[in-house]
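S.K.: Here's a structure for you.
In the working numbering, the protein residues as written are 280 to 686.
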């Protein structure tokens, strides 16, 4: 192919949008979004509560390591750490607000168009996502390093950009003589020397480099795909944030849609598509909080505080991380059930109770397409067992064989 062949293919395929298709179970998506959003919001709430204890501890010299006590050079980091957390909460809570499930209580065939999702919806969600992952990686990076030159670099670059277009009122609120003197000093540094000067340093200038560095020092995450997921979602969100050709084409081109329906009412394919993206973002956001932000905050507190106080707060942070990990693991899992031979294919309905607590009554003729939980999306695999036994001993203890006569 030459350049004209490629141009023609783009022209014929990226000027008229194809019809939307719903490829996931919308009802399950809404259930999972609601569950994970609640877990995410609870984790943020826990971090906010712990911030009060952290801030109070940081103000108490008796709880700080010697190099961070009042009067020392590095004591400047004490209020910075507290402020970084408060900044993070604003970004975290914005994403939590935009990742709630769709409200369908009053949706019918007459107003189903209210569920349509377009440019504004995608742009708001994905921009908030970009802010979240940018913030969580950058803040985790700074909390782990606690390095004067590194922190100077990121703040001065930000201040330098902010000052270029700040109104008089904004400038008055932020730029005093001390900040101006710091910016003036930064102004003496040539652009090419910003990452390494007498007042600044940045050894990891790109988002991807920061991600790789964090996992190299914090340890590999439980999900080995998370580093790549963070980098990919950064690129994906850049397409929307910077208004790329594909994102605007996909979200701003209206097309006729069939109306789908389930037990909760009607919905549109574009609604399901948007919810699928929302769940993927929410799951990645939760994993990032567990794998980068919380462990970086723990490392930071271990450096700032005496061991007993740092360990006390770290224990609460670990509990918050564990609760979020358990919430993630309970969605879209695979569970095995032991069933007495002859039960499948009979006229007996088989109760399959998922780990999330919801029971599916698998009715004859026992279609394998129904072997999933319509609450959490987990799949079920059945193992038939011969003989008179009532239980199978597993690593998690004894498991009842469905249909057996055991007590």
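C-beta: ideal position from N, C-alpha, C; glycine also. Predicted model, so just to flag it, every value in this text is computed and none were measured.
Can you tell me whether DSSP reads residue 301 as helix, strand or coil?
M.R.: Taking the chain shown and counting its residues from 1, one reaches residue 301 at position 22. Any reading at residue 301 must be qualified, since the residue scores a pLDDT of 47, below 50, and its modelled position is unreliable; the value itself is stated next. If DSSP states are grouped into helix, strand and coil, residue 301 belongs with coil.
S.K.: Tell me whether residue 676 sits in a helix, a strand or coil according to DSSP, three-state version.
M.R.: If you number the chain shown from 1, residue 676 lands on position 397. It is a strand residue.
S.K.: Taking the alpha helix (DSSP H) that residue 396 falls in, what are its first and last residues?
M.R.: In the chain shown, the residue the question calls residue 396 occupies position 117. No alpha helix (DSSP H) contains residue 396, which DSSP labels as neither H nor E.
S.K.: Find the nearest neighbour of residue 567 within the set 306, 319, 429, 680, judged by alpha-carbon distance.
M.R.: Position 288 of the chain shown, counted from the start, is the residue given in the question as residue 567. Minimum Cα distance to residue 567 is reached at 319.
S.K.: Taking only the alpha-carbon atoms, compute the straight-line gap between residue 582 and residue 344 and give it to the nearest angstrom.
M.R.: The sequence position of residue 582 within the chain shown is 303, counting from 1. The sequence position of residue 344 within the chain shown is 65, counting from 1. Computed Cα separation, rounded: 7 Å.
S.K.: Going by Cα to Cα distance, which pick from 588, 569, 575 is closest to residue 606?
M.R.: If you number the chain shown from 1, residue 606 lands on position 327. If we check each option's Cα against that of residue 606, 569 comes out closest.
S.K.: On the DSSP bridge assignment, give the partners of residue 658 in chain order.
M.R.: Here residue 658 corresponds to residue number 379 of the chain shown, with the count starting at 1. Paired residues: 613, 651.
S.K.: Taking 6 Å as the limit between beta carbons, can you name the residues of its chain near residue 405, skipping five residues before and five after?
M.R.: Sequence index remark: in the chain shown, residue 405 carries index 126 (1-based). The answer, listed in chain order, is 516, 519.
S.K.: For residue 539, report the span of its beta strand (DSSP E) as first-last.
M.R.: For this step, residue 539 is matched to residue 260 along the chain shown. Counting along the chain, the beta strand (DSSP E) containing residue 539 begins and ends at 539-541.
S.K.: With distances taken Cα to Cα, identify the nearest neighbour of residue 430 among 461, 452, 629, 407.
M.R.: The residue you call residue 430 lines up with position 151 of the chain shown. Ranking the options by Cα distance to residue 430, first place goes to 461.
S.K.: Which residues share a DSSP beta bridge with residue 632?
M.R.: Position 353 of the chain shown, counted from the first residue, corresponds to residue 632. Paired residue(s): 638.
S.K.: Residue range of the alpha helix (DSSP H) that residue 544 falls in?
M.R.: Locating residue 544 in the chain shown gives position 265, where the first residue counts as 1. Counting along the chain, residue 544 falls outside any alpha helix (DSSP H), though it belongs to the beta strand (DSSP E) covering 544-546.
S.K.: Among 628, 656, 643, 649, whose alpha-carbon lies nearest the alpha-carbon of residue 636?
M.R.: Taking the first residue of the chain shown as 1, we reach residue 636 at position 357. With distances taken between Cα atoms, residue 636 lies closest to 656.
S.K.: Check whether the Cβ atoms of residue 486 and residue 416 lie closer than 9 Å to each other.
M.R.: Here residue 486 corresponds to residue number 207 of the chain shown, with the count starting at 1. Here residue 416 corresponds to residue number 137 of the chain shown, with the count starting at 1. Result yes, Cβ atoms of residue 486 and residue 416 sit closer than 9 Å.
S.K.: Measuring alpha carbon to alpha carbon, tell me which of 646, 629, 551, 509 ends up nearest residue 560.
M.R.: In the chain shown, counting from the first residue as 1, residue 560 sits at position 281. Ranking 646, 629, 551, 509 by Cα distance to residue 560 puts 509 first.
S.K.: Pick from 388, 308, 423: whose alpha carbon is nearest that of residue 379?
M.R.: Within the chain shown, residue 379 is the residue found at index 100, counting from 1. With distances taken between Cα atoms, residue 379 lies closest to 308.
S.K.: Which of the three DSSP states is assigned to residue 663 in this structure?
M.R.: Numbered from its first residue, the chain shown carries residue 663 at position 384. Three-state DSSP puts residue 663 in a strand.
S.K.: Below 7 Å CB to CB, which residues in the same chain sit around residue 670 once its five sequence neighbours on both sides are set aside?
M.R.: Indexing the chain shown from 1 puts residue 670 at position 391. The residues are 677, 678, 679, 680, 685.
S.K.: Within 10 angstroms of the Cβ of residue 490, are there 16 or more other Cβ atoms? Answer buried if so, exposed if not.
M.R.: What you label residue 490 is simply residue 211 of the chain shown in a count that begins at 1. When all chains shown are included, residue 490 counts as buried.
S.K.: Can you tell me where the alpha helix (DSSP H) with residue 375 in it begins and where it stops?
M.R.: Position 96 of the chain shown holds residue 375. Residues 356-377.
S.K.: Taking the alpha carbon of residue 617 as the point to measure from, which residue in 288, 599, 664, 647 has its own alpha carbon closest?
M.R.: In the chain shown, residue 617 corresponds to position 338, counting from 1. Out of 288, 599, 664, 647, 664 has the C-alpha closest to the C-alpha of residue 617.
S.K.: Can you confirm whether the segment 373-390 touches the segment 339-359 when touching is taken to mean that 3 or more C-beta pairs between the two stretches lie within less than 8 Å?
M.R.: As far as the Cβ criterion goes, the segment 339-359 does not touch the segment 373-390, which means the pair count is below three.
S.K.: Just to confirm, does residue 357 get its C-beta within under 8 Å of one of the non-hydrogen atoms of the ligand ZN?
M.R.: Although the ligand ZN was asked about, the structure shown includes no ligands whatsoever.
S.K.: To which residues of the same chain is residue 660 closer than 8 Å at the C-beta, ignoring the five residues directly before and after it?
M.R.: As a working mapping, residue 660 is identified with position 381 in the chain shown. Once the five neighbours on either side are set aside, the close Cβ partners of residue 660 are 613, 614, 615, 616, 650.
S.K.: For residue 569, name the three-state secondary structure that DSSP assigns.
M.R.: If you number the chain shown from 1, residue 569 lands on position 290. Here residue 569 sits in helix by DSSP.
S.K.: Quick one: using the 10 Å Cβ neighbour count with 16 as the cut-off for buried, is residue 444 buried or exposed?
M.R.: The sequence position of residue 444 within the chain shown is 165, counting from 1. Exposed is the call here.
S.K.: Residues in its own chain within less than 8 Å of residue 513 by CB, not counting five upstream and five downstream?
M.R.: Within the chain shown, residue 513 is the residue found at index 234, counting from 1. Excluding positions up to five away in sequence, the list reads 409, 412, 413, 486, 487.
S.K.: Can you give me the C-alpha to C-alpha distance between residue 288 and residue 522, rounded to a whole angstrom?
M.R.: Position 9 of the chain shown holds residue 288. Position 243 of the chain shown holds residue 522. Rounded to the nearest angstrom, the two C-alpha atoms are 22 Å apart.
S.K.: Relative to the C-alpha of residue 631, which residue among 644, 652, 426, 357 is closest?
M.R.: For the purposes of this step, residue 631 is identified with residue 352 of the chain shown, where counting begins at 1. Ranking the options by Cα distance to residue 631, first place goes to 652.
S.K.: For residue 336, which option in 454, 358, 625, 367 has the closest C-alpha, if you only look at C-alpha atoms?
M.R.: Translated into the one-based positions of the chain shown, residue 336 becomes position 57. Taking only the C-alpha atoms, the option nearest residue 336 is 358.
S.K.: Relative to the C-alpha of residue 477, which candidate in 375, 342, 465 has its C-alpha closest?
M.R.: In the chain shown, residue 477 corresponds to position 198, counting from 1. Considering only alpha carbons, the answer is 465.
S.K.: Do residue 484 and residue 468 come within 9 Å of each other at the CB atom, strictly closer than that value?
M.R.: Counting from one through the chain shown, the residue named residue 468 turns up at place 189. Counting from one through the chain shown, the residue named residue 484 turns up at place 205. No, the pair does not count as a contact, with Cβ atoms beyond the cut-off.
S.K.: Starting from residue 669, follow the alpha helix (DSSP H) in both directions and report where the run begins and ends.
M.R.: Locating residue 669 in the chain shown gives position 390, where the first residue counts as 1. Taken as a continuous stretch (DSSP letters only), residue 669 belongs to no alpha helix (DSSP H), as it is neither H nor E.
S.K.: To test your reading of the DSSP string, which unbroken alpha helix (DSSP H) runs of 4 or more residues are found completely within the segment 432-498?
M.R.: Listed in chain order, the complete alpha helix (DSSP H) runs (minimum 4 residues) inside the segment 432-498 are 447-453, 456-466, 486-497.
S.K.: Output needed for residue 683: all residues of its chain with C-beta closer than 6 Å, excluding positions within five of it in sequence on either side, in chain order.
M.R.: As a position in the chain shown, residue 683 is number 404, starting the count at 1. Within the same chain, residue 683 has close Cβ partners 619, 669.
S.K.: Count the other CB atoms, across all protein chains shown, that sit within 10 Å of the CB of residue 638; report buried if there are 16 or more and exposed otherwise.
M.R.: By one-based count along the chain shown, residue 638 stands at place 359. Counting Cβ neighbours within 10 Å, residue 638 comes out exposed, since fewer than 16 surround it.
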